[in-house]
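Going by numbering that gives the first Met the number 0, the sequence shown opens with residue 0, and the numbers climb by one from there.
Note that CB positions come from ideal geometry on N, CA and C, so glycine has one too.
Quantities reported herein were computed from a predicted structural model and do not represent experimental measurements.
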Amino acid sequence: MVIQVVLDASVTIGWLPEDEQDTFSLSVHRSVQEDGAVVPQHWEFEVANSLLFAERRGRLGRGEARQRFHYLDDLAIEIDAASELDHAFSLAADHDLTLYDALYLELTIRHNLPLATLDNELERAANARGVEVFSG
């Protein structure tokens, strides 16, 4: 399988709780089902934390966050643990990003892949670096 996109947690969250689903996120979901995605190591923690907060706010039933998170196990999402942290620090400083977001940008640059994101600041930084961006 050829990985087609770097997947930001903001997009993943856009397809998991029904009340947050949007057309863009659902189209990326279909693409990930067909072609796969690559994510930085912290992605799974970002997604799990967002689902847990949705559960705490009553938007998901008790235990549903864990169930929805495990749904992701069935998708062809490759976790890339080889992030170049020094490069990510530089990207964060250059573009006023969190280190978490800079790790997505570092991954897109290193793998020469487009980025799927709903994060405006990350999209701005990716555009400044000449990275192809899919956004909602």
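Annotation for Thr107: the continuous alpha helix (DSSP H) segment containing it runs 98-110. Put simply, of Leu15, Ala81, Leu74, Ala92 the residue whose alpha carbon is nearest the alpha carbon of Ala47 is Leu15. If you look at Val37, you'll find it in the beta strand (DSSP E) that goes 36-39. The Cβ-Cβ distance between Val4 and Ser24 does not fall below 8 Å. For the 8 Å CB-CB criterion, Ala53 and Ala36 do not form a contact.
When the five nearest sequence neighbours on each side are left out, the beta carbons in the same chain lying within less than 7 Å of the beta carbon of Ala125 are those of Leu104, Thr107, Leu114, Val132, in order along the chain. For Ser49, the enclosing alpha helix (DSSP H) stretches over residues 42-55.
Here Leu59 has Pro16, Leu50, Ala53, Arg67 as same chain residues with Cβ atoms under 8 Å from its own Cβ, once five neighbours each way along the sequence are excluded. By alpha-carbon distance to Pro39, the top candidate from Asp7, His69, Arg55, Asp21 is Asp7. One alpha carbon belongs to Leu121, the other to Ala92, and they sit about 13 Å apart.
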